[in-house]
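Notes follow once the structure below has been shown.
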């Protein structure tokens, strides 16, 4: 295994627990290294900092996997997967659906694994982890004995690593959508055809925490996908829930999920552009509005425009709320930090003529743990706001 030396002083962030080495921090010529190969990272004084994989063409030159003295062998990966599973069993005892692996936070950068009952779905986004895909698949089968193992290697992030998109069934049988139970609500999840790995799991704790505002309310669920926010609201006693998503497939999934839970008479889902939908509805139409859009800022350069977008759509949502209504609004853009997101919501309130009170500030679910030394692992913001 070759050694990569850092410039003087560049080890400080790594010593605190950050897991990335950026290209301008390396003292050695990066293109002398084979893409995807494993290297030992050392300080300018030769002190070992850890072992990771390298991609000379990426801004993130090295992603550190192992601490000093350990090797990225089968035993390491097996133990990392076991540790990840043990944490989820502790966080959500008895739950059959969860994010089983969350990249750097589980010492497995470039890998996420989601569990839907006895089906596992993995996604690899980096060149170095792609070189361990066969081993990862074998370990997932050995440790968890899933009825089906699906790979969803179709994230746009793969293009940055020179990887082609791919998805399919790695092992087992998958005759159709997978029935799962999540926080007492039934869903049909499509691991191969659905968005991401089939479902968005990072909002589960926020959905549960928000149930206290739903009883007897008329709820609007924007960017509803498979209807998870709507179903959570209805399970908490909402009078009715309307979900809006531009995908007709998502609307069909949400409608099916509502029927599975006996909510068909109180739930309706509309295939429409959310911005256009908000323009058409009368002011003060809803008691609670959930705004859970896709990332508006996928790069740092997009933050300025994204802030305008968040302010605009939240302004429109605030106008659709009754006085004293509740806005549950989120951003999954890492580059839109909590301060910037808060500023966008304040701007929306000013433009809508609303006084806003923040009731809850939440983040990603516990099975998406955050490394304190690595802010990149913290991406989701969810505000519960009272508007008058």
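Residue numbers (our numbering): 10 to 397. The C-beta atom is built at its ideal place from N, Cα and C for all residues, glycine as well.
Inset, instruction - Put residue 340 into one of helix, strand or coil per three-state DSSP. - result: Along the chain shown, one-based indexing puts residue 340 at 331. If DSSP states are grouped into helix, strand and coil, residue 340 belongs with the strands.
Legend entry - Collapsed DSSP secondary structure at residue 226 in the structure displayed: To locate residue 226, count along the chain shown from 1; it is residue 217. Of the three classes helix, strand and coil, the one that applies to residue 226 here is coil, per DSSP.
Legend entry - Residue burial classification, residue 259 (beta-carbon count within 10 angstroms, cutoff 16): Numbered from 1 along the chain shown, position 250 holds the residue referred to as residue 259. Looking at its Cβ environment, which holds 16 or more other Cβ atoms inside 10 Å, residue 259 is buried.
Inset, instruction - Could you pull the start and end residues of the alpha helix (DSSP H) that residue 23 belongs to? - result: Against the chain shown, residue 23 aligns to sequence position 14. It spans 21-25 - the alpha helix (DSSP H) in which residue 23 sits, taken as one unbroken run.
Legend entry - Unbroken alpha helix (DSSP H) run spanning residue 73, endpoints: Numbered from 1 along the chain shown, position 64 holds the residue referred to as residue 73. Note, residue 73: premise wrong, no alpha helix (DSSP H); beta strand (DSSP E) at 69-75.
Legend entry - CB contact check: residue 101 to chain D, cutoff 7 Å: Absent here is chain D; the protein component of the structure consists of one chain.
Inset, instruction - Give the range of the beta strand (DSSP E) segment to which residue 274 is assigned. - result: Here residue 274 refers to the residue found at position 265 when the chain shown is read from its first residue. Careful: residue 274 lies outside any beta strand (DSSP E) and carries neither H nor E.
Legend entry - Terminal residues of the alpha helix (DSSP H) in which residue 194 lies: The count along the chain shown starts at 1 and reaches residue 194 at position 185. It is not in any alpha helix (DSSP H) - residue 194 instead sits in the beta strand (DSSP E) that spans 194-198.
Legend entry - Cut-off 6 Å between Cβ atoms - residues of its own chain near residue 334, not counting five sequence neighbours on either side: In the chain shown, counting from the first residue as 1, residue 334 sits at position 325. The residues are 296 and 396.
Inset, instruction - Can you say whether residue 10 is buried or exposed, counting buried as having 16 or more other CB atoms within 10 angstroms of its CB? - result: Start at 1 with the first residue of the chain shown, and residue 10 comes out as number 1. Exposed, since its Cβ has fewer than 16 Cβ neighbours within 10 Å.
Legend entry - Coil, strand or helix - residue 179 by DSSP: Along the chain shown, read from residue 1 onward, the residue named residue 179 stands at position 170. Three-state DSSP puts residue 179 in a strand.
Inset, instruction - Kindly indicate which residue of 337, 346 and 290 has the alpha-carbon position closest to the one of residue 316. - result: For the purposes of this step, residue 316 is taken as residue 307 along the chain shown, with counting starting at 1. Checking every option, the nearest Cα to that of residue 316 belongs to 346.
Inset, instruction - Could you have a look at residue 145 and say whether DSSP puts it in helix, strand or coil? - result: Within the chain shown, residue 145 is the residue found at index 136, counting from 1. Of the three classes helix, strand and coil, the one that applies to residue 145 here is helix, per DSSP.
Inset, instruction - Give the C-beta separation of residue 210 and residue 374 to the nearest angstrom, bearing in mind that I take them to be a contact with Cβ-Cβ under 8 Å. - result: Residue 210 sits at position 201 when you count from the first residue of the chain shown. Residue 374 sits at position 365 when you count from the first residue of the chain shown. Confirmed, about 6 Å.
Inset, instruction - Please go through the same chain and pick out, in chain order, the residues whose beta-carbon is closer than 7 Å to the beta-carbon of residue 245, but skip the five residues on each side of it. - result: For the purposes of this step, residue 245 is taken as the residue at position 236 of the chain shown. Answer for residue 245: 220, 223 and 224, listed in chain order.
Legend entry - Supposed close pair residue 358, residue 367 - CB separation, criterion 8 Å: If you number the chain shown from 1, residue 358 lands on position 349. If you number the chain shown from 1, residue 367 lands on position 358. The pair is not a contact, with the Cβ atoms about 11 Å apart (cut-off 8 Å).
Inset, instruction - Measure the Cβ-Cβ separation of residue 330 and residue 379 and say whether it is below 7 Å. - result: Residue 330 sits at position 321 when you count from the first residue of the chain shown. Residue 379 sits at position 370 when you count from the first residue of the chain shown. Taking 7 Å as the Cβ cut-off, residue 330 and residue 379 do not qualify as a contacting pair.
Legend entry - Beta-carbon gap between residue 252 and residue 271 smaller than 7 Å: As a working mapping, residue 252 is identified with position 243 in the chain shown. As a working mapping, residue 271 is identified with position 262 in the chain shown. Not closer than 7 Å, so no.
Legend entry - Closest residue to residue 187 among 198, 52, 129 and 267 (Cα-Cα distance): As a first step, residue 187 must be located in the chain shown, where it is residue number 178. The option with the nearest alpha carbon to residue 187 is 198.
Inset, instruction - Reducing DSSP to helix, strand and coil, say where residue 387 ends up. - result: As a working mapping, residue 387 is identified with position 378 in the chain shown. The answer is coil: DSSP assigns residue 387 none of H, G, I, E or B.
Inset, instruction - Output the distance between the C-alpha atoms of residue 277 and residue 340, rounded to the nearest integer angstrom. - result: Within the chain shown, residue 277 is the residue found at index 268, counting from 1. Within the chain shown, residue 340 is the residue found at index 331, counting from 1. Straight-line Cα distance between these residues: approximately 24 Å.
Legend entry - Whether residue 19 touches residue 34 by CB criterion (7 Å): On the chain shown, position 10 is the one that residue 19 refers to. On the chain shown, position 25 is the one that residue 34 refers to. Yes, Cβ-Cβ distance for residue 19 and residue 34 is below 7 Å.
Inset, instruction - Consult DSSP for residue 396 and reduce its assignment to one of helix, strand or coil. - result: Taking the chain shown and counting its residues from 1, one reaches residue 396 at position 387. Correct three-state label for residue 396: strand.
Inset, instruction - Apply the 10 Å Cβ neighbour rule to residue 196 and answer buried if 16 or more other Cβ atoms are within range, or exposed otherwise. - result: Residue numbering aside, residue 196 sits at position 187 when the chain shown is read from its first letter. When all chains shown are included, residue 196 counts as buried.
Inset, instruction - Indicate whether residue 86 and residue 148 have their beta-carbon atoms separated by less than 7 Å. - result: Residue 86 sits at position 77 when you count from the first residue of the chain shown. Residue 148 sits at position 139 when you count from the first residue of the chain shown. Cβ atoms of residue 86 and residue 148: closer than 7 Å.
Legend entry - Rounded straight-line distance, which links the Cα of residue 286 to that of residue 327: In the chain shown, residue 327 corresponds to position 318, counting from 1. In the chain shown, residue 286 corresponds to position 277, counting from 1. Between residue 327 and residue 286, the C-alpha separation is close to 14 Å.
Inset, instruction - Let me know the alpha helix (DSSP H) ranges lying completely inside the segment 269-316, each 4 residues or longer, listed in chain order. - result: 283-289
Inset, instruction - Report the rounded CA-to-CA distance for residue 309 versus residue 95, giving the unit in angstroms. - result: Here residue 309 refers to the residue found at position 300 when the chain shown is read from its first residue. Here residue 95 refers to the residue found at position 86 when the chain shown is read from its first residue. Between residue 309 and residue 95, the C-alpha separation is close to 35 Å.
Legend entry - Span separating the alpha-carbon of residue 226 from that of residue 321: Walking along the chain shown from the start, residue 226 turns up at place 217. Walking along the chain shown from the start, residue 321 turns up at place 312. Roughly 25 Å separates the two Cα atoms.
Inset, instruction - Could you have a look at residue 251 and say whether DSSP puts it in helix, strand or coil? - result: In the chain shown, the residue the question calls residue 251 occupies position 242. Reduced to three states, the DSSP call for residue 251 is strand.
Legend entry - With 16 other Cβ atoms within 10 Å as the buried cut-off, status of residue 155: Here residue 155 is taken as the residue at index 146 of the chain shown, counted from 1. Its Cβ being crowded by 16 or more others within 10 Å, residue 155 is buried.
Inset, instruction - Please say whether residue 30 and residue 71 have beta carbons closer to each other than 7 Å? - result: The residue given as residue 71 occupies position 62 in the chain shown. The residue given as residue 30 occupies position 21 in the chain shown. Yes.
Inset, instruction - Quick one: using the 10 Å Cβ neighbour count with 16 as the cut-off for buried, is residue 348 buried or exposed? - result: As a position in the chain shown, residue 348 is number 339, starting the count at 1. Exposed, since its Cβ has fewer than 16 Cβ neighbours within 10 Å.
Inset, instruction - Give a yes or no on whether the C-beta atoms belonging to residue 181 and residue 158 are separated by under 7 Å. - result: One-based indexing of the chain shown puts residue 181 at position 172. One-based indexing of the chain shown puts residue 158 at position 149. Against a cut-off of 7 Å, the Cβ pair of residue 158 and residue 181 comes out as a contact.
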